[in-house]
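For reference, the structure is listed below as structure tokens.
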Amino acid sequence: MIHLLFEGGNSDLKGRTFPLPDGIRKLLKEILNNYDGDRNVEGYKRLNNILDMKTISYQEMKRLKNYFDNFNGDINSDEYKLNGGDALKTWVNNTLNTATTSIRNFKQAKKDAGIPNAFIKSHNKDRQTHNKLKPTQAKFNTNDISNRIKDNTSIKYEGRQRKTIYISEQQYRLIKEAQDATFNVNELSAINSFRGRYNYCLQHLGPTIGKGSSRTIFQLSDERVLKLAINTKGIAQNEQEGRYDYYLERLDITPQIFEKDEDGKWLISEYVLPAKKQDFQECLGIDEKTFFNFLITSWVNAHGHQKYKYVYGGRLLNDELFYELTEREELMNWYDYISNYDMPLGDIIVRRNYGMTVRNGDPVIVLLDNGLTDEIYNNYYKR
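Just so we're on the same page, our numbering is the position in the sequence shown counted from 1, plus 1188.
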């Protein structure tokens, strides 16, 4: 088995939290409800605490990983089950592997691209030579992939060079057990009810990795996810997000769409890593706050209503800085998008709606969900 985490943990992940997927949460609740033993044992209390959390801290993730790595007992025992069993073990390992590998690959890419001190903490870098307005240009190393796959000791997902994940054969087996080979999008489209389609995906794809008020997300592979509509609002959002738009495609700021149902029941899109605060600086050359203020200023200028200038006045950029940013290549497309599309402002100035991927070897920020427009919001939500 290949371990990607050092015993002391990864300092870049300290303080980070990870959302517990709805599918995993459901399985943990079932474990808790089916347990009829001593409710004063540590495992029972710990499982209750995990279910009470919206997110799990990196420290707790490390504790869980350490437990599973060193467990040599019966996997059918109450102790093992109360720690989440195989479902939580697989999710913890894959989540930490993804996060850790992403950081290491990103630093290695900067090093390969000739950027000095990529593995030195930011506060130790030479601030005199660091250009804050220059985005990182990264080239990802994909050497020797064929041999790594051929020897069957690990699985390497290359996709769009977005990230690389190494997992053990046991982890791979658990994932494949949850995702059977009989899943078929034509069968999915033929099911008439929302509940029927949802149950079909649960049966064939395993637990969801995310769920909103209108759509739920299932992971198809390391590169793709399925967005399943669970009500008419989700249908409308899938139709909006899945429609072909040459101009939007050229802007290249949204996840790629690979396949879709013509009636909006589902669509298959690119799997993107959730963005972190520091990703905006690395990809866009400006910090997260300045980026969101740039979007607000672009949105207010496009709509031109005086009330918006009053509401967001404290966050509007001055003209000199704003027009300087609109001329920058990595921000031009965002300015064009805000000026020409009617996305609700509240949805585009929160970090949870952004992700980071790699395009042509360079890390880029993308908007995770462009399916909720003002029109859809007014028709389905504002009632």
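Ideal placement from N, C-alpha and C gives every residue a C-beta, glycine not left out.
- For residue 1544, the enclosing beta strand (DSSP E) covers residues 1542 to 1547.
- The alpha-carbon separation between residue 1434 and residue 1440 amounts to approximately 10 Å.
- If you look at residue 1373, you'll find it in the alpha helix (DSSP H) that goes 1373 to 1378.
- Inclusion of residue 1541 and residue 1519 in the CB contact set at 8 Å is not warranted, their separation being larger than that value.
- Counting of Cβ neighbours within 10 angstroms places residue 1463 among the buried residues, the total reaching 16 or more.
- Beta-bridge partners of residue 1413 (DSSP): 1407, 1457.
- About 5 Å separates the beta carbons of residue 1416 and residue 1454, which is inside the 8 Å limit, making them a contact pair.
- Of the other Cβ atoms in all chains shown, fewer than 16 fall within 10 Å of the Cβ of residue 1236; this residue is therefore exposed.
- Rounded to the nearest whole angstrom, the CA to CA distance from residue 1289 to residue 1215 is 27 Å.
- The alpha-carbon separation between residue 1253 and residue 1261 amounts to approximately 15 Å.
- For residue 1486, the secondary structure class from DSSP, reduced to helix, strand or coil, is helix.
- Between the C-alpha atoms of residue 1210 and residue 1395 there is a straight-line separation of about 7 Å.
- Straight-line spacing of the CA atoms in residue 1426 and residue 1436 works out to 16 Å.
- For residue 1229, the three-state secondary structure derived from DSSP is coil.
- Note that the region 1487 to 1506 touches the region 1525 to 1533; at least 3 beta-carbon pairs, one per stretch, sit closer than 8 Å.
- Membership of residue 1553 in the beta strand (DSSP E) is indicated by the continuous run 1550 to 1555.
- DSSP places residue 1217 in the helix class (H, G or I) of the three-state scheme.
- The DSSP-derived three-state label of residue 1470 is helix.
- Where residue 1526 is concerned, there is no enclosing beta strand (DSSP E), although the alpha helix (DSSP H) around it starts and stops at 1517 to 1528.
- Boundaries of the alpha helix (DSSP H) harbouring residue 1248: 1246 to 1258, taken from the DSSP string.
- Shown here, residue 1512 sits in a helix according to DSSP, grouped into three states.
- No Cβ-Cβ contact shorter than 8 Å links residue 1257 with residue 1225.
- DSSP, reduced to helix, strand and coil, places residue 1445 within a strand of the structure shown.
- Secondary structure at residue 1261: coil, using DSSP grouped into helix, strand and coil.
- Annotation: residue 1465 to residue 1472 spans about 12 Å, alpha carbon to alpha carbon.
- Per the C-alpha coordinates, the member of 1500, 1553, 1207 positioned closest to residue 1544 is 1553.
- Taking a C-beta distance under 8 Å as the contact criterion, residue 1412 and residue 1459 qualify as a contact pair.
- The C-beta distance from residue 1430 to residue 1445 rounds to 6 Å, short enough to meet the 8 Å contact threshold.
- At a Cβ-Cβ threshold of 8 Å, residue 1243 and residue 1208 count as neighbours.
- An exposed status is given to residue 1419, since fewer than 16 other beta-carbon atoms sit within 10 Å of its beta-carbon.
- For residue 1420, the enclosing alpha helix (DSSP H) starts and ends at 1420 to 1430.
- Taking all protein chains shown into account, residue 1376 has 16 or more neighbouring C-beta atoms within 10 Å of its C-beta and is therefore buried.
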